[in-house]
Amino acid sequence: ILCGKCVRACVEIKGANVLGFANRGFHTKVTSAFDLPLGESECVYCHNCVAVCPVGALMPKEFSGKGRRFEMKREEITCTFCEAGCQFYLYRKKDGAFVGVAAKEAGAGRPLCLKGRLGLDFIHNPQPSSHPLLKKDGEFVPVEWAEALGIGLIVEKLTRLTSGE
């Protein structure tokens with residue numbers, strides 16, 4: 530299947546010209562310049578080509594050998610790494626084991642950034658913290674939500690504004 534979505538994503542979304550078509554006829558294939566391995570090419574590993582692949586010819590490493598996507602449970606999640614709030618799917622095996630994430634289909638949301646796509650190591654944490662951590666004196670210490678969100682400072686500023694100071 531040579532739909533070319535990965536080539537277009539590389540050129541139009543990222544502005545790189547890493548992927549392209551080589552050969553003609555039945556021998557046509559998608560490859561990097563001079564047919565080099567991606568590690569030796571100009572690829573910056575933005576994963577946009579993987580995100581747009583409709584057939585699974587390009588897929589994230591974490592999905593490889595874990596089963597087929599249609600056999601997995603899919604959960605819609607909102608990314609919290611930045612203020613954009615991208616929507617993506619979290620894939621789990623039938624037994625609940627985490628497999629990976631994928632951006633929502635085109636038209637249903639913007640492409641998922643690298644933080645959202647690759648920064649989900651916290652899912653594997655056996656002891657997740659229910660308290661936020663704040664860096665004090667070079668170390669992360671658990672604090673209450675009010676302190677982490679700076680609610681005290683906000684209330685203080687609002688009080689000053691309403692009192693006319």
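Okay, so the sequence shown: first residue is 530 according to the working numbering, each after it adds one.
Don't be surprised by glycine CBs; every beta carbon is placed ideally from N, CA and C.
This structure is a prediction, so every number in the text was calculated from the model and none was measured.
Straight-line spacing of the CA atoms in Ser692 and Gly679 works out to 20 Å. Closest option to Gly625, judged by alpha-carbon separation, among Val670, Lys595, Phe550 and Lys665: Lys595. Contact between Glu571 and Ala545 is confirmed by a C-beta separation of about 6 Å, below the 8 Å threshold. Counting C-beta atoms within 10 angstroms of its own C-beta, Val670 has fewer than 16 neighbours from the protein chains shown and is therefore classed as exposed. Lys558 is a Cβ neighbour of Ala551, given a cutoff of 8 Å. Within the same chain, and ignoring the five residues on either side of Val672 in sequence, the residues whose Cβ sits closer than 8 Å to its Cβ are His660, Pro661, Leu662 and Leu663. If you look at Thr560, you'll find it in the beta strand (DSSP E) that goes Lys558 to Ser561.
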